[in-house]
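Peer 1:
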Amino acid sequence: MLKLTPILLALLYGLVTYRISAWRTARELDARSTELADPVLKRLTDRLAAALDLPRIRVYLYEIDPVNGLAAPDGRIFITRGFYRKFQAGEVTAEEMSSVIAHELGHVALGHAKRRMVDFSGQNALRTAMMMVIGRFVPVVGPWIAGLLTNLLAARLSRGDEYEADEYAAALLTKAGVGIGPQISLFEKLDEMTQGRGGMAPAWLMSHPKTDDRVAALRRLEAKWG
Ligand SMILES: [Zn+2]
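Below, the structure is given as structure tokens:
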């Protein structure tokens with residue numbers, strides 16, 4: 001029992017940080033967002049809603065500059081002000097914006113948004129527990145190995161989520177009559193914007209797998225369904 005205590009403490013710590021970060025995220029989003037009221041985008045989200053047999057899809061505008069879309073653990077979908085600005089400037093089309101919304105809907109529908117918060121705190125607990133265990137046998141590099149292993153695991157998990165959300169979005173956009181085209185063209189645009197800014201990737205791309213691989217996966221779907 002005494003040997004297990006540190007691991008139990010690490011798990012408890014993970015649970016508490018999960019609670020706190022879920023609460024903090026919700027509060028931050030509440031304070032800095034409003035419902036997106038854009039007639040052109042609404043026409044598209046209404047088509048997505050109809051394809052899902054939902055009365056409507058609410059999208060919120062999150063007042064930060066980085067180009068990003070996100071799904072909160074409570075299931076709300078957010079587009080950042082920075083991303084919306086690109087749409088207003090005509091750099092990103094309404095269909096391309098709807099592909100981001102569809103991707104985030106995928107994270108919600110597939111349970112990623114909720115699990116990610118659990119993952120985050122679970123990872124902290126796992127790291128701590130592994131450090132204690134490995135650290136006992138491998139003194140100096142042990143903690144470093146533990147950190148590396150948890151990071152690898154996390155990256156693998158989140159990469160899988162991205163492909164799943166892309167596939168969900170592709171299916172939804174196809175059903176809604178928008179098609180996979182805007183999803184692919186947005187990836188290519190964001191990739192180009194990235195290069196133009198001297199390698200500064202927008203947040204939305206940074207937390208995702210390589211664009212080429214995602215576009216290739218979408219083209220495979222397009223070939224399969226077309
Ligand atoms: Zn994603």
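Mapping of the sequence shown onto UniProt numbering: residues 1 to 226, in sequence order. Here a beta-carbon is modelled for each residue, glycine too, at the ideal position from N, C-alpha and C.
Between which two residues does the beta strand (DSSP E) containing residue 71 stretch?
Peer 2: 69 to 71 is the extent of the beta strand (DSSP E) around residue 71.
Peer 1: Quick one: Cα of residue 105 to Cα of residue 133, how far?
Peer 2: Between residue 105 and residue 133, the C-alpha separation is close to 39 Å.
Peer 1: Kindly examine ligand 1 and report whether one of its heavy atoms sits closer than 7 Å to the Cβ of residue 167.
Peer 2: No, the Cβ of residue 167 stays beyond 7 Å of every heavy atom of ligand 1.
Peer 1: Going by alpha carbons, who is nearest to residue 44 out of 100, 10, 91?
Peer 2: Of the listed residues, the one whose Cα sits closest to residue 44 is 100.
Peer 1: State the DSSP-derived secondary structure class of residue 8, mapped to helix, strand or coil.
Peer 2: Correct three-state label for residue 8: helix.
Peer 1: How would you write the range of the beta strand (DSSP E) that residue 35 sits in, first residue to last?
Peer 2: Here the beta strand (DSSP E) through residue 35 covers 33 to 35.
Peer 1: Let me check one thing: in DSSP terms, what residues is residue 80 bridge-paired to?
Peer 2: Residue 80 is bridged to 62.
Peer 1: If we count the other Cβ atoms within 10 Å of its Cβ and call it buried at 16 or more, is residue 182 buried or exposed?
Peer 2: Buried is the call here.
Peer 1: I need the straight-line Cα distance from residue 199 to residue 188, nearest angstrom please.
Peer 2: Reliability of the predicted coordinates at residue 199 is poor, the pLDDT of 45 falling under 50, and the value obtained from them is presented with this limitation in mind. Roughly 14 Å separates the two Cα atoms.
Peer 1: Could you check the C-alpha separation between residue 18 and residue 91 for me, to the nearest Å?
Peer 2: Residue 18 and residue 91: Cα-Cα distance of roughly 37 Å.
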